[in-house]
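Trainee: One structure follows; several queries about it will come next.
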Amino acid sequence: MAEIAKDGRLGARETDSVGTAGLPQPHAWAWRHGPQAKSRETAVIPFIVIRLHRVTSTQSWVKDWAEMGAREGLVLIAREQTAGRGRLDRRWESPPGGLYLSLLLRPAIPLAQANHLTMLVSLAAIDACQAIAGVHPRPKWPNDLLLHNRKLAGVLTELAGEHNRLRFAIIGLGLNVNNTFADGALSHAAISLREVVGKPLDVDALADAFLTALAQRYDAFLAGTSPHAAWAQRLEPLGRRVRVMQRGQPPLVGRAIGVTAAGALQVQDDMGVVHLIWAGDVAILQSE
Numbered sequence: 056m057a058e059i060a061k062d063g064r065l066g067a068r069e070t071d072s073v074g075t076a077g078l079p080q081p082h083a084w085a086w087r088h089g090p091q092a093k094s095r096e097t098a099v100i101p102f103i104v105i106r107l108h109r110v111t112s113t114q115s116w117v118k119d120w121a122e123m124g125a126r127e128g129l130v131l132i133a134r135e136q137t138a139g140r141g142r143l144d145r146r147w148e149s150p151p152g153g154l155y156l157s158l159l160l161r162p163a164i165p166l167a168q169a170n171h172l173t174m175l176v177s178l179a180a181i182d183a184c185q186a187i188a189g190v191h192p193r194p195k196w197p198n199d200l201l202l203h204n205r206k207l208a209g210v211l212t213e214l215a216g217e218h219n220r221l222r223f224a225i226i227g228l229g230l231n232v233n234n235t236f237a238d239g240a241l242s243h244a245a246i247s248l249r250e251v252v253g254k255p256l257d258v259d260a261l262a263d264a265f266l267t268a269l270a271q272r273y274d275a276f277l278a279g280t281s282p283h284a285a286w287a288q289r290l291e292p293l294g295r296r297v298r299v300m301q302r303g304q305p306p307l308v309g310r311a312i313g314v315t316a317a318g319a320l321q322v323q324d325d326m327g328v329v330h331l332i333w334a335g336d337v338a339i340l341q342s343e
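Basically the working numbering = 1-based index in the sequence shown + 55.
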């Protein structure tokens, strides 16, 4: 059973194993978030935290466990992924030094509200970066975090539902902590916390801060507080001219004017027509 260590940090067994055969069933690893966890109906989520050195994909592992019936709150944290996945099944580079995790949530909500879970995770990641590194990234539609106009983190949400109700959500977070991009091919596109603050950071402490923030925000969400306003307040690229690329459609150029409660980006083209964008790549047109 995982416990809270004397220094207040998460305690969880760590192993080098990359296979599931030697792991206990997920329900055997429980950690109640904080010594004063609430007991009311919308109680702070009790996490199950598993830490591994290397996996293929935390997202795939947690999805398998979800299908096996694992309860809400399962969290898998890996120090390295060999086949990390991003949005649209793109490969997510996951070398040692980053924070890579996936978690299982089972809120009793309509599928139409599922995008709020992505917002919650993004906001919790921002909270953690501010607490541990003293920086405040901005969310970028639909699922990134930017720092100094470069990508710091990405969120991947995968859903399972039926009859318009959510069965479960697997939400992955990949955050560049101690990675280095200055001399690589991604130097103009990606950034890490270490590159900003000038020193290495404790990845485990960042994970703990993230889970603390997520527990609080998720509790408020279950009690009826929408994360939309806090997420949209600093959302890139609102107010900016953008180019939107969607599969099978010509590029759309216009101004991002808003985001709906369900998370769709509103882009007004040069003819004044407002388009709802549910998925796609958005590039900010710096020169326009």
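The beta-carbon is built from N, C-alpha and C at its ideal position, and this holds for glycine as well. On a predicted model such as this, the values are computed, not experimentally measured, just so you know.
1) Helix, strand or coil, according to DSSP, for lysine 105 in the structure here?
2) Can you check which of these residues, Gly189, Met300 and Ala224, is closest to alanine 125 by C-alpha distance?
3) If the criterion is Cβ atoms closer than 8 Å, does the pair leucine 228 and leucine 154 meet it?
4) Between alanine 311 and valine 297, is the Cβ-Cβ spacing less than 8 Å?
5) Let me see if you follow: with CB-CB separation under 8 Å, is leucine 156 close to chain E or not?
6) Nearest-angstrom Cα distance between aspartate 324 and histidine 330?
7) Three Cβ pairs or more, each shorter than 8 Å: is that satisfied between the stretch 160 to 179 and the stretch 209 to 225?
8) Going by C-alpha distance, which of Ala188, Leu293, Leu320 and Ala121 is nearest asparagine 231?
9) According to the Cβ coordinates, are arginine 220 and proline 292 closer than 8 Å?
10) Within its chain, find whatever has a CB closer than 8 Å to the CB of isoleucine 246; leave out the 5 residues flanking it on each side and keep chain order.
11) So within the stretch 193 to 226, which uninterrupted beta strand (DSSP E) runs reach at least 3 residues, ignoring any that extend past its ends?
12) In its own chain, which residues sit with a C-beta less than 8 Å from the C-beta of alanine 163, not counting the 5 before and 5 after it?
13) Specify the secondary structure class of isoleucine 164 as computed by DSSP and reduced to three states.
14) How should lysine 118 be labelled, buried or exposed, when 16 other C-beta atoms within 10 angstroms of its C-beta is the threshold for buried?
15) Could you compute how far the alpha carbon of valine 299 sits from the alpha carbon of arginine 289?
Mentor: Reading from the atomic positions:
1) At residue 105 the sequence reads isoleucine, which differs from the lysine that was named. Three-state result, isoleucine 105: strand.
2) Ala224
3) yes
4) yes
5) Chain labels in this structure do not include chain E; a single protein chain is all it has.
6) 8 Å
7) yes
8) Ala188
9) no
10) Leu202, His203, Arg205, Lys206, Leu207, Asn231 and Phe236
11) 193 to 195, 199 to 202 and 205 to 217
12) Arg220 and Leu221
13) coil
14) buried
15) 19 Å
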